[in-house]
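Enquirer: Supplied in structure tokens, the structure appears directly below.
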Amino acid sequence: MKRQIHKINAFNKPIGRLASQIVLFLRGKNKPEFEPNIDCGDFVEIDNVDKMMLTGKKIEQKKYYHHSGYPGGLKIIKLNRLLKENPEEVLRRAVFKMLPKNKLRKFMIRRLKINK
238 MKRQIHKINA
248 FNKPIGRLAS
258 QIVLFLRGKN
268 KPEFEPNIDC
278 GDFVEIDNVD
288 KMMLTGKKIE
298 QKKYYHHSGY
308 PGGLKIIKLN
318 RLLKENPEEV
328 LRRAVFKMLP
338 KNKLRKFMIR
348 RLKINK
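So this is what it looks like as structure tokens:
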């Protein structure tokens, strides 16, 4: 099984549609030998992440939550702040949440390379 490299330009593409396209290649669902229990996906390289498009009011309303497990440990970061600081992380989180929640997910996300 040979892994290919798919290069995608994120310029002016909605983040959700871009993430679902990336997940298709990372899982290997575009291949005829696809099986859900085997990691046969390809490498994906993304360019122009800082120029991807957001639709609706997500830029003002969307928030990412993380809890440390301790009382008062809830961390909230808004999408517009995360886009300014680290636009790659926004796309990586979207792709990570769309991958299947199993033991193969961490190996699939490693094949995602994001370039500014």
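Counting in the working numbering, the sequence shown runs from 238 upward without gaps.
C-beta atoms are modelled at their ideal positions from N, C-alpha and C, and glycine is treated no differently.
Give every residue of the same chain whose Cβ lies closer than 8 Å to the Cβ of K218, excluding the five residues on either side of it in the sequence, and list them in chain order.
Expert: Lying outside 238 to 353, the shown extent of the chain, residue 218 is not represented and no answer is given.
Enquirer: Which residues share a DSSP beta bridge with F280?
Expert: Note: F280 sits in a beta bridge opposite I242.
Enquirer: Pick from L320, Y307, Y302: whose alpha carbon is nearest that of I313?
Expert: That would be Y302, whose Cα lies nearest to the Cα of I313.
Enquirer: Put I313 into one of helix, strand or coil per three-state DSSP.
Expert: Three-state result, I313: strand.
Enquirer: Need the endpoints of the alpha helix (DSSP H) that I354 sits in, please.
Expert: Not covered by the structure: residue 354. The range shown for the chain is 238 to 353.
Enquirer: Run through DSSP, which three-state label would K334 get?
Expert: Helix, per DSSP.
Enquirer: With a CB to CB cut of under 6 Å and the five nearest residues on each side skipped, what residues in its chain are close to N352?
Expert: D284.
Enquirer: With L349 as the anchor, note down where its beta strand (DSSP E) starts and where it stops.
Expert: 349-351 is the extent of the beta strand (DSSP E) around L349.
Enquirer: Kindly list the residues whose CB is nearer than 6 Å to the CB of E282, restricted to its own chain and excluding five residues on each side of it in sequence; keep chain order.
Expert: The residues are K244, K350.
Enquirer: When you compare only the Cα positions, how much space is there between I275 and E325?
Expert: I275 and E325: Cα-Cα distance of roughly 27 Å.
Enquirer: Report yes if the CB atom of Q392 is closer than 7 Å to the CB atom of D279, and no otherwise.
Expert: Lying before the first or after the last residue shown, residue 392 is absent from the chain, which here runs from 238 to 353.
Enquirer: Do you know how far the Cα of K300 is from the Cα of C348?
Expert: Position check: residue 348 holds Arg in this sequence, whereas Cys was assumed. Each residue's alpha carbon lies about 26 Å from the other.
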